[in-house]
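Student: Mind looking over this structure? Questions follow.
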Amino acid sequence: MLSAGRLARRRATACAVVALATALVATPLLGTPAADATAAPEDPAAEPAQLIIAPVDPLLQDGESLELELTIDNQTNEPTASTTVDVLLTSLPISTRYSLSRWLDGEAFMASSRIAEVELPAVAAVDRVTVRTTIDAATLGLDERSWGPYGVAASGGEFEGVTTMIVRDEPGEASPTTLALAAPIDSRIDESGLLDAEQLEGATALGGAARTALDAAMGANATIGVDPAFGASAEALGDEAPELATAWIDRADLPGTYPLLYGNADPIAQVRAGVYPIEPLGIPRADDDPLPPGVGEIGRREPVIDATEAILQQGELESLADAGTVVLSTAILDEQLGGTTPSAHVRIDGVEVLAADAQLQQLIHAAAGADPETAADLRAEAVALLAAITRERPSDPRTLAAVLPASSRGDSAALLADLAEAQFVETAGIDAALERPAREASLRQIDDVQRNAGADLVTAALEQEAEVARIASIVDEPATLLAELRLAVLAALPDAGSDVTELDRLAIEALGSTMSEVRNAVQLVAGSDIHAVGESVPLPITITNELDVPANVVLSVRATNALVSIPESRIEVAVAPTSQQRVQVPIDVVGTGSLLIVAQLHTPDGVPLGQIQYLNVTAQPTIEVAVAWTLGIAVVLLLGFGILRSVLKRRRGQARGDIDDLARDQPGTPDEETA
1 MLSAGRLARR
11 RATACAVVAL
21 ATALVATPLL
31 GTPAADATAA
41 PEDPAAEPAQ
51 LIIAPVDPLL
61 QDGESLELEL
71 TIDNQTNEPT
81 ASTTVDVLLT
91 SLPISTRYSL
101 SRWLDGEAFM
111 ASSRIAEVEL
121 PAVAAVDRVT
131 VRTTIDAATL
141 GLDERSWGPY
151 GVAASGGEFE
161 GVTTMIVRDE
171 PGEASPTTLA
181 LAAPIDSRID
191 ESGLLDAEQL
201 EGATALGGAA
211 RTALDAAMGA
221 NATIGVDPAF
231 GASAEALGDE
241 APELATAWID
251 RADLPGTYPL
261 LYGNADPIAQ
271 VRAGVYPIEP
281 LGIPRADDDP
291 LPPGVGEIGR
301 REPVIDATEA
311 ILQQGELESL
321 ADAGTVVLST
331 AILDEQLGGT
341 TPSAHVRIDG
351 VEVLAADAQL
361 QQLIHAAAGA
371 DPETAADLRA
381 EAVALLAAIT
391 RERPSDPRTL
401 AAVLPASSRG
411 DSAALLADLA
421 EAQFVETAGI
431 DAALERPARE
441 ASLRQIDDVQ
451 RNAGADLVTA
461 ALEQEAEVAR
471 IASIVDEPAT
481 LLAELRLAVL
491 AALPDAGSDV
501 TELDRLAIEA
511 LGSTMSEVRN
521 AVQLVAGSDI
531 HAVGESVPLP
541 ITITNELDVP
551 ANVVLSVRAT
561 NALVSIPESR
571 IEVAVAPTSQ
581 QRVQVPIDVV
591 GTGSLLIVAQ
601 LHTPDGVPLG
611 QIQYLNVTAQ
621 PTIEVAVAWT
631 LGIAVVLLLG
641 FGILRSVLKR
651 RRGQARGDID
661 DLARDQPGTP
671 DEETA
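In terms of the UniProt record's numbering, the sequence shown has 308 at position 308, counting the first letter as 1, and numbering is strictly consecutive.
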C-alpha cells in the first residue's frame, strides 16, 4: 500500500495537464517535489513504514541482469517485522503515458509475472535499511521482447503496489527523442555576495558542486548558464584566486554559455516588481576601489529563463521574452493535444517560447533533490517516460525541452548519465528545440493569489537598500559601501518567482537586519545628566562608529531655552573605525536652571542619522557672570523704562518739544516784547 507521502509525490508527477495546472494553483508556494517526496512526517507514529523500490540501472539490453534496491524507510516509533515480498514484472511494455502514470500511482493492474522473492529484514524504529537483489537475464525474460518501458512492482506483507520502472533499451529503427537542456550553475553565495578563495576552490575542485554540474552539462551538450558571482569573486581576489577556479571559469566560457542573474536571482520576481534587471553596482575589493559592474560575467548567449514553476500572464511573458529564451511548463498552456507528445517550440500570441513537458520537468527536478533511493526511482520514471514518448511516434523525430535544477538545488549528473546511455534519447543544447517548427497555443487563465509574493520581497529589499544609500555619504568611499549593499541585496533576493519559500522570507528579514545595523552603525551614545557651572563650559557628547571605515558626520546641537547659548551649533566630526569619540561642544551659561540640550547626527548632505538624544543640563553661572548679567539686564531695563516713559508723555501732550519750542515759551522773549 502506498504511503501518503509517496502518493503525493506520484500525484505531483502525473501526466494530466489539467491535474498539473490545478496543482500549480493549489500549491504555488509549496516546496519542490523533492522536498515533498523526502520529508519525514511530523508525527512518526502517524504514517507506516514505506518501501522504496528502484533499479540500480533502469536501462537493460539483451543478456543484462537487473539489479534492484529495496529500501525500508521506517520513521515510526516501533520496529518493523521481517517480511517477504514478491517482485513482479509486467508482461508487455506499458504503451501509453496514461497507463504509465496509472501504474506509478498504483492504480493499474497489468498482467505480470513473478521474477523474484526477496527477504526484507526487521528494521528498528526511525531507521532505514536497503537490500539489493540481482535477477539474472534468463529469469527476467526480457530478451526478444518488445522494446520500451516495463513496470516493476513489489508486493507482500504490509507493502502492496510499490512500483518502479525499467526500460528494455533496444529501440531498433525508432527515431530517438531529442531532449534540449539548459543547465544553470549557481554559486551559493552568502550575504557577502562573493565567494572567498576557499569557497571558490571547493566548488570548482573535483567533486565540487560547480565542477560536477559543469562536467555533466558538457557531457550532455546542454546549454550552460553560469552565475556571474564565480567570475566576479575571482576578479575580486586577483592574484589570490585559486588556479582551479580560473581554469573552471575558462572551461565554462563557451560560445553558447549564458549568464544568470547575479546570485541566480529570479528574473520573474524582478519583472513583476518592475525593476528587471537588478545588477551589481560594482565588485568590492579589499583595500582597493570596486571593480566596475559586469566584471567576471561569463557567457555571450541570451539568457535562458526558467519559468517552469511559474504561472505567467501574457504581459509578463512578453517582458521575459524580451530578456531571453523563456521555458515554461505545458501545465499552464491552454491547448488540446492528440495522443502524442509534441515538440517544445510554441508560439503564444506572437511570442515564441519553449514549453517543457510538465511531467518530465517535475521528475527531473524531483530526482535532483531527493535522497539516493528515491532519486533512483525518479530517474527510472523519467527514463521510462521518455521511452513511452518515443514509442508514440517511432518514425517521427521530435524535440522536447527541459531546464535542469540549479546546481544548488540538487545533482543531475546521474540522470544525465542515464540519458547519455539510452539509445532512444539524444541530449542537446536548448537551441535545438527552437529549430523545430512552433505550434500555436495560448496561456491558461489561472488565478494565482500569491503571484506577487516574490515581487513584494524584491521591492522590500530595494527599499531597505535605498534607505541605507541615503546615508552613504558618511563614508569616504560611498561607492564601495553601495556596491557591498547591492551584493547583499542580490544574495537575498528570492530565486523563484512562483515558489517563494520561508527561506526567501528569512533571507530578506536577515537583509533587513543587516541594513538596520548599517543605518545605526554611527549614532550618539546616551549620556548622564550634566551640571554646567561657569561662563563657557564644554558639553561632552559621545559618538560611536561600528563601521570598519571612518565615518564623517555633522553634529547639530540646540538648547530648549535661553539659560545657555551655543556659539557653534553644527560641528563636523570624523569618527575612526570601530571606535567611540567624545566631542566637546562649547556652551555659554547665561542663567541658573534646568534645560534640555537636543543633539542630532546628520550626514554631510543633511540626512538625519540615528536617534535624537536629549541631554539633561543643570546650568549655574559663576558670581561674576551672574553680576555682569544682572547689571546688564538692569541697564537694559532702565533704558527701556525711560524710553517707554517718554513715549507715553509725548502721547499725552506732556512731552517737551525741541529747543525752539522751549525758547518760545520763555517770558520776555523778543516775540512777547513785539506784541
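From the three backbone atoms N, C-alpha and C, an ideal C-beta is built for every residue, glycine too.
All values derive from a computational prediction rather than experimental measurement.
Going by DSSP in three states, E107 sits in which element: helix, strand or coil?
Tutor: The sequence position of residue 107 within the sequence shown is 107, counting from 1. Coil, per DSSP.
Student: G429 by DSSP, collapsed to three states: which one?
Tutor: What you label residue 429 is simply residue 429 of the sequence shown in a count that begins at 1. It is a strand residue.
Student: Enumerate, from N- to C-terminal direction, the unbroken beta strand (DSSP E) stretches of 3 or more residues contained entirely within the stretch 161-243.
Tutor: Complete beta strand (DSSP E) runs here, min 3: 177-185 and 223-226.
Student: Where do the ends of the alpha helix (DSSP H) carrying S319 lie?
Tutor: Mapped onto the sequence shown, residue 319 falls at position 319. That run of the alpha helix (DSSP H) goes Q314 to A323.
Student: In whole angstroms, what is the alpha-carbon distance linking L237 and D287?
Tutor: The residue you call residue 237 lines up with position 237 of the sequence shown. The residue you call residue 287 lines up with position 287 of the sequence shown. L237 and D287: Cα-Cα distance of roughly 11 Å.
Student: Per DSSP, what are the beta-bridge partners of A599 in this structure?
Tutor: The residue given as residue 599 occupies position 599 in the sequence shown. DSSP output for A599 lists V557 and Q613 as bridge partner(s).
Student: Let me confirm a value: L30 is counted as buried when at least 16 other C-beta atoms fall within 10 Å, else exposed. Which label applies?
Tutor: Within the sequence shown, the letter at position 30 stands for residue 30. Low confidence applies here, because L30 scores a pLDDT of 29, under 50, leaving its location unreliable; read the following figure in that light. Exposed is the call here.
Student: Would A216 and S408 qualify as a contact pair, given that the criterion is a beta-carbon distance under 8 Å?
Tutor: Here residue 216 refers to the residue found at position 216 when the sequence shown is read from its first residue. Here residue 408 refers to the residue found at position 408 when the sequence shown is read from its first residue. Cβ distance not < 8 Å, so A216 and S408 don't count as in contact.
Student: Roughly how many angstroms lie between the CA atoms of V383 and V353, to the nearest whole one?
Tutor: The residue given as residue 383 occupies position 383 in the sequence shown. The residue given as residue 353 occupies position 353 in the sequence shown. So the alpha carbons of these two residues sit roughly 25 Å apart.
Student: Name the two residues that bound the continuous beta strand (DSSP E) containing D588.
Tutor: Translated into positions along the sequence shown, residue 588 becomes position 588. Start and end: S579 to V589.
Student: So what's A406 in DSSP terms, helix, strand or just coil?
Tutor: For the purposes of this step, residue 406 is identified with residue 406 of the sequence shown, where counting begins at 1. The answer is coil: DSSP assigns A406 none of H, G, I, E or B.
Student: Can you give the Cα-Cα distance for A45 and E78, rounded to whole angstroms?
Tutor: Against the sequence shown, residue 45 aligns to sequence position 45. Against the sequence shown, residue 78 aligns to sequence position 78. The predicted model places A45 with a pLDDT of 48, which falls under 50 and marks its position as unreliable, so this point remains unresolved.
Student: Do E279 and A245 have their C-beta atoms within less than 8 Å of each other?
Tutor: For the purposes of this step, residue 279 is taken as residue 279 along the sequence shown, with counting starting at 1. For the purposes of this step, residue 245 is taken as residue 245 along the sequence shown, with counting starting at 1. Taking 8 Å as the Cβ cut-off, E279 and A245 do not qualify as a contacting pair.
Student: Identify the residues that DSSP records as bridge partners of N74: which are they?
Tutor: Start at 1 with the first residue of the sequence shown, and residue 74 comes out as number 74. DSSP output for N74 lists D127 as bridge partner(s).
Student: Is I249 closer than 8 Å to A234 when the C-beta atoms are compared?
Tutor: Residue 234 sits at position 234 when you count from the first residue of the sequence shown. Residue 249 sits at position 249 when you count from the first residue of the sequence shown. Yes.
Student: Under three-state DSSP, which class holds E352?
Tutor: As a position in the sequence shown, residue 352 is number 352, starting the count at 1. If DSSP states are grouped into helix, strand and coil, E352 belongs with the strands.
Student: Going by alpha carbons, who is nearest to L547 out of A521, D334, L506 and V152?
Tutor: The residue you call residue 547 lines up with position 547 of the sequence shown. Checking every option, the nearest Cα to that of L547 belongs to A521.
Student: With respect to the beta strand (DSSP E) encompassing V304, which residues constitute its N-terminal and C-terminal limits?
Tutor: For the purposes of this step, residue 304 is identified with residue 304 of the sequence shown, where counting begins at 1. Unbroken beta strand (DSSP E) run through V304: V304 to A307.
Student: Using a Cβ distance threshold of 8 Å, determine whether the stretch 153-169 contacts the stretch 183-190, with at least three qualifying pairs required.
Tutor: Taking 8 Å as the limit for Cβ pairs, the verdict is that the stretch 183-190 does not touch the stretch 153-169.
Student: Got a sec? Which residues, its chain only, sit under 7 Å from V17 by beta carbon, not counting five neighbours each side?
Tutor: Along the sequence shown, one-based indexing puts residue 17 at 17. Here the model assigns V17 a pLDDT of 31, short of 50, so the residue's position is not dependable and the matter cannot be decided.
Student: A153 bridges to which residues according to DSSP?
Tutor: As a working note, residue 153 is residue 153 in the sequence shown. BP columns for A153 point to L88 and T163.
Student: Please name the residue, chosen from R645, L312, A269 and A526, that lies closest to A461 on a Cα-to-Cα basis.
Tutor: The residue given as residue 461 occupies position 461 in the sequence shown. Selected option, being the one with the closest Cα: A269.
Student: For D136, which of N74, R272 and Q61 has the nearest alpha-carbon?
Tutor: In the sequence shown, the residue the question calls residue 136 occupies position 136. The shortest C-alpha separation from D136 is found at Q61.
Student: So Q580 packs on T544, CB below 8 Å; how close in whole Å?
Tutor: Within the sequence shown, numbered from 1, the residue matching residue 580 stands at position 580. Within the sequence shown, numbered from 1, the residue matching residue 544 stands at position 544. About 5 Å separates the two Cβ atoms, so the contact holds.
Student: Which class does R650 belong to by DSSP, given the choice of helix, strand or coil?
Tutor: As a working note, residue 650 is residue 650 in the sequence shown. In this structure, R650 counts as helix in the three-state DSSP scheme.
Student: Quick one, are the C-beta atoms of E64 and D86 less than 8 Å apart?
Tutor: In the sequence shown, counting from the first residue as 1, residue 64 sits at position 64. In the sequence shown, counting from the first residue as 1, residue 86 sits at position 86. No, Cβ-Cβ distance for E64 and D86 is not below 8 Å.
Student: Between the alpha carbons of V416 and L601, how many angstroms are there, rounded?
Tutor: On the sequence shown, residue 416 is found 416 positions in, with the first residue counted as 1. On the sequence shown, residue 601 is found 601 positions in, with the first residue counted as 1. It should be noted that the sequence gives Leu, not Val, for residue 416. Rounded to whole angstroms, L416 to L601 spans 60 Å at the Cα level.
Student: Could you tell me which uninterrupted beta strand (DSSP E) segments, each at least 3 residues in length, are contained entirely in the stretch 250-306, listed from first to last along the chain?
Tutor: Entirely contained in the stretch 250-306, the beta strand (DSSP E) runs reaching 3 residues are, in chain order, 283-285 and 288-291.
Student: Comparing the CB of P550 with every heavy atom of the ligand MN, is any distance shorter than 7 Å?
Tutor: By its list of ligands, the structure shown contains no ligand whatsoever, and the ligand MN lies outside what it can speak to.
Student: Can you check whether the CB of T71 is closer than 8 Å to the CB of A49?
Tutor: Taking the first residue of the sequence shown as 1, we reach residue 49 at position 49. Taking the first residue of the sequence shown as 1, we reach residue 71 at position 71. For A49 and T71, no; Cβs fall outside 8 Å.
Student: In or out: T308 buried (at least 16 other Cβ within 10 Å) or exposed?
Tutor: Here residue 308 is taken as the residue at index 308 of the sequence shown, counted from 1. Flag for T308 reads buried.
Student: Grab the span of the beta strand (DSSP E) containing Q523 for me, first residue to last.
Tutor: In the sequence shown, residue 523 corresponds to position 523, counting from 1. Unbroken beta strand (DSSP E) run through Q523: V522 to V525.
Student: Is the beta carbon of A213 sitting closer than 8 Å to the one on A183?
Tutor: If you number the sequence shown from 1, residue 213 lands on position 213. If you number the sequence shown from 1, residue 183 lands on position 183. Yes, the pair counts as a contact, with Cβ atoms nearer than the cut-off.
Student: When the Cβ atoms of the stretch 471-485 are set against those of the stretch 426-436, are three or more pairs found closer than 8 Å?
Tutor: Segments in contact, no.
Student: Scan the stretch 445-526 and note each continuous beta strand (DSSP E) run of 3 residues or more that stays entirely inside, going in chain order.
Tutor: With a minimum length of 3 residues, the continuous beta strand (DSSP E) runs that stay inside the stretch 445-526 are 522-525.
Student: Using CA atoms only, rank isn't needed, just tell me which of G157, I185 and E144 is closest to P171.
Tutor: The count along the sequence shown starts at 1 and reaches residue 171 at position 171. If we check each option's Cα against that of P171, E144 comes out closest.
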